[in-house]
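In UniProt numbering, the protein residues as written are 1 to 748.
Glycine included, each C-beta is placed from N, C-alpha and C at the ideal position.
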Amino acid sequence: MFEYSSSSSLKKNATKFVGVHRLVFRKIDESAITSVYNDICSIKGRSTPSSSRDVTKTLISQKDHVVVGLYDDFLRIADRLTGYPDKLDVVVIFGMGGIGKTTLAKRIYHDKLIEEHFYVRAWITVSERYKVRNMLLHLLVCTSKVAFVMDEMENEELAERLYKSLKGQRYLIVMDDVWYTEAWDDVRRYFPNDNNGSRVMVTSRIMKVARFINPLNPPHQMRFLTVEESWKLLQKKIFGLDDPSCCCCDDEMERIGMEISKKCKGLPLAIVMVAGILSKESATASKWSDIAENIHSSFVTEESRPFLDILALSYNHLPRHLKACFLYMGAFPEDVEVPVWRLVRLWIAEGFIKLESPKTLEFVAQEYLQELIDRSLIIVSKRSYDNRVKTCSIHDILRNFCQEEAKQEKLLHVVRRLEPHFPQGVHRRLHFHSDIFAYSSYTYSNPYVRSFLSSKACSVLEDSYFGCMGFKLLRVLDVVNYSFYGFPIHVIKLVHLRYLALSINSELPRSISKLKSLQTLIIYWGTKEMRILPLEIWKMPILRHIHVKGDVLLFGSPIDDHHSKRNFRVLENLQTLCTITISTINFSHRLIATLPNLKTLASNLVTGGNHDASCDVDWLGSCLNNLHQMYSLETLKLLFNLPMKNPLPRNSIQRWNAFPPNLKNLTLSCSLLLWQDARVLGNLPNLEVLKLKYFSFQGPEWETDEEGFHRLKYLLVESRDLVVWKQASTDSYPFPALQHLVLSFATS
């Protein structure tokens, strides 16, 4: 296996360079440092420190004075503040509330080297309730050397005074906690650009603001602390220790302390909060162990309220349409990465997403998600190779905030392991983090419930489980982690369902079509035997997404004209169909014509009817020729279930002419193509991800055209017989946008 990633290689090399650079830097003697520093000062017109000893201390001992885990951040930002360019530049520090943006900015602002480098420095805290006049007044207090009465001045006169006080000076302005782009617009014209190395440093927890303030350079994004850094900070806050080697903890205490640090998930605010609790307790292993076991309850105590208020600012600042989406993140357990496709479908089913024509609901939901990410409230856990967010999560301290706030707002109620009885009261959304089987003996009826989700799998449920619960208005039912012996027939009576996720061991009944409001259908089969997805699915016009898992055949018999007239309707809303087995006899123009807006198709193609896979396979070409009609299709995964005894290349992609023009992601497996036909894939104008799995292409040589694969970012090639891969011409290069290449070769 060979794997290459342009971005990862650059990062590794950069890391090695920085490491060597620091090592060399620390070995430079005082005279060399002073010489280099004086040269730079003479070029840029800086004043120099009084002695070489001051310079050495300032440059080399910074690590001792910078807060835990921020040394690298300190170096990068200090370099941007004191280095080139000479023109006025803006450095933006971005990150979620409590991650250390202000702490880092203060350390830099008060650093001796920074103080000596800038002639004028000013610090203002903007906040979400800023006033232009207050900003101007605070800036003038810091920058003006002449006393004058400011209270009676108009804003325009204050602004003029500010501009004149900064003119000709090398200044540093810090604008902390900026929430709005308007706050920057209101003052930026009063910062003169004299090409003398002046700087403005801004902190913000909103990416939109950060990008607006400096669209040319990406903001400095704060990271979470490592477990080791978290433990060091915890010790510093509890014992006042800067040196971990001086720790008075024994091995057991250190083990528990590391466990507590790990549960804080690298957020300095959470570490400081827990440290405040630990500092008031006796430093014993038993006390620390109790706190470690119940650490999340520490996040919602009265003592933690001032810390939570810092995070609550981000929530209070949200537009109304984003608040419910954010609080819904509290429904998922800790340490769980939520698949974005699932989250988006749940938001839509819950009614949180408002249609904005001509956008689809899914597109709007993705915009909501990105806005919550840009506001530092949701964390990106994994991205796909085309940079889309695959999974996401939130910090545990935010999860607790979401659960408490959602409970007060009566948005949702999370049932934890500690609750002995079925929740009483008016609850519209029930999310179980405990085993719902424990409640199967209860007679529970709640007509107000709209959502019933479970995130814990422990047992098999009886088919009659939902029969007596009276969930007549249920919209969301997600118990896919549990298994039913048969299909729970009572579910068919829940006619308001929009989202259904089940695991069953029987056929899906034809009566499923009675769920006319269903948008998302997720069915997992636990057994290996072939199951049938009934034709009645095509009687559900609202259906948007079908996800099945197992050996599932689309329709049990060939579609004839009789079926077509009676049952085959156009599913204009269906966007996703995966992973389904389709007989080639049914993979026809008639089927594809009913799916005009399908965006994702993952399918196993099997021979059907009179097709004989051991003979000439023209049926394959005629079958796939229908794909070009799917103009909306963006993701296509095809596994050809053909006999693999002594496989020989026998298909020609040129005869297919099959692939939709808007295809972005293509996976092929067992298609038995010749490498010379891969040039057709290279002509797909929007293709970004291509995975060629075993037996997709065969032959010893692949010659790549110089004009192909212009937008391809990710390429996977699995082969048993590819020996030579070359380009047709040396004048130009294929794959100009390629970022990630994976090659896997295996012998038979």
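{"Query": "With distances taken from CA atoms, which of Ile99, Phe118, Asp151, Ala275 is nearest Arg223?", "Result": "Ile99"}
{"Query": "Between the stretch 113 to 127 and the stretch 169 to 183, can you find at least three pairs of beta-carbon atoms closer than 8 Å?", "Result": "yes"}
{"Query": "Leaving out five residues on either side along the sequence, give the residues of the same chain with a beta carbon under 8 Å from the beta carbon of Glu281.", "Result": "Lys287, Trp288, Ile291"}
{"Query": "For the candidate residues Asp478, Arg450, Arg399, Glu405, whose alpha-carbon lies nearest to that of Ile436?", "Result": "Asp478"}
{"Query": "State whether the stretch 221 to 240 contacts the stretch 403 to 410, with contact taken as three or more CB pairs (one from each stretch) at a distance under 8 Å.", "Result": "no"}
{"Query": "Of all the options Glu128, Asn155, Asn586, which has the alpha carbon lying nearest to the alpha carbon of Leu139?", "Result": "Asn155"}
{"Query": "What are the start and end residues of each continuous alpha helix (DSSP H) run of 4 or more residues lying completely inside the stretch 213 to 290, in chain order?", "Result": "227 to 239, 251 to 263, 268 to 279"}
{"Query": "Since I believe Leu533 is in contact with Leu554 (beta carbons under 8 Å), could you give me their beta-carbon distance rounded to a whole number of angstroms?", "Result": "5 Å"}
{"Query": "Check each candidate in Tyr694, Pro736, Ala737 and name the one with the smallest Cα separation from Ser744.", "Result": "Tyr694"}
{"Query": "Could you check where the beta strand (DSSP E) with His545 kicks off and where it finishes?", "Result": "545 to 549"}
{"Query": "Give a yes or no on whether the C-beta atoms belonging to Ser588 and Val606 are separated by under 7 Å.", "Result": "no"}
{"Query": "Tell me which residues share the same chain as Leu738 and place their Cβ nearer than 7 Å to its Cβ, disregarding the 5 neighbours each side in the sequence.", "Result": "Leu712, Lys713, Leu715"}
{"Query": "Between Ala602 and Cys578, is the Cβ-Cβ spacing less than 7 Å?", "Result": "yes"}
{"Query": "Start and end of the alpha helix (DSSP H) containing Asn573?", "Result": "Asn573 -> no alpha helix (DSSP H), and no H or E assigned at all."}
{"Query": "At the level of alpha carbons, what is the spacing between Ser455 and Asn481?", "Result": "7 Å"}
{"Query": "If we define contact as Cβ-Cβ less than 7 Å, is Ser603 a contact residue for chain D?", "Result": "Within the model displayed, chain D is absent; a lone protein chain is all it includes."}
{"Query": "Only counting the same chain, and skipping five residues up and downstream in sequence, which positions put a Cβ closer than 6 Å to that of Val92?", "Result": "Val202, Ala210, Ile213, Asn214, Pro219"}
{"Query": "May I have the straight-line CA-CA distance separating Met540 from Ala349, to the nearest angstrom?", "Result": "16 Å"}
{"Query": "Going by the beta-carbon positions, is the gap between Leu327 and Leu411 smaller than 7 Å?", "Result": "yes"}
{"Query": "Can you tell me which of the three DSSP states Tyr499 falls into?", "Result": "strand"}
{"Query": "Looking at the unbroken beta strand (DSSP E) that takes in Arg121, where does it start and where does it end?", "Result": "120 to 127"}
{"Query": "Check the C-beta distance from Val389 over to Leu369 and give it rounded, since I have them as a contact under 8 Å.", "Result": "7 Å"}
{"Query": "Please state whether the Cβ-Cβ distance between His545 and Arg345 is less than 7 Å.", "Result": "yes"}
{"Query": "Any idea what DSSP makes of Ser583, helix, strand or coil?", "Result": "strand"}
{"Query": "Rank Leu673, Leu692, Ser506, Leu674 by C-alpha distance to the C-alpha of Asn665 and give the top, closest one.", "Result": "Leu692"}
{"Query": "Let me confirm a value: Met96 is counted as buried when at least 16 other C-beta atoms fall within 10 Å, else exposed. Which label applies?", "Result": "buried"}
{"Query": "So, helix, strand or coil for Lys637, using DSSP?", "Result": "strand"}
{"Query": "Quick check on this structure: which residue in Ile523, Leu673, Pro333, Ser517 has the alpha carbon closest to the alpha carbon of Val495?", "Result": "Ser517"}
{"Query": "Spatial neighbours of Ser314 within its chain, please: CB distance less than 8 Å, with the 5 preceding and 5 following residues excluded, ordered by chain position.", "Result": "Met96, Gly97, Arg205, Arg375, Ser376, Leu377"}
{"Query": "Hey, how far is the Cα of Leu674 from the Cα of Ala746?", "Result": "18 Å"}
{"Query": "For the alpha helix (DSSP H) containing Arg383, list its first residue and its last residue.", "Result": "First-last for Arg383: 379 to 383, but that is the beta strand (DSSP E), not the alpha helix (DSSP H)."}
{"Query": "Going by alpha carbons, who is nearest to Glu718 out of Leu668, Pro685, Gly486?", "Result": "Leu668"}
{"Query": "Would the beta-carbon of Asn604 fall within 7 Å of that of Asn641?", "Result": "yes"}
{"Query": "Find the nearest neighbour of Phe487 within the set Pro509, Glu259, Cys142, Ser671, judged by alpha-carbon distance.", "Result": "Pro509"}
{"Query": "Within 10 angstroms of the Cβ of Asn446, are there 16 or more other Cβ atoms? Answer buried if so, exposed if not.", "Result": "buried"}
{"Query": "Would you tell me roughly how many angstroms separate the C-alpha atoms of Lys232 and Ile260, rounded to the nearest one?", "Result": "12 Å"}
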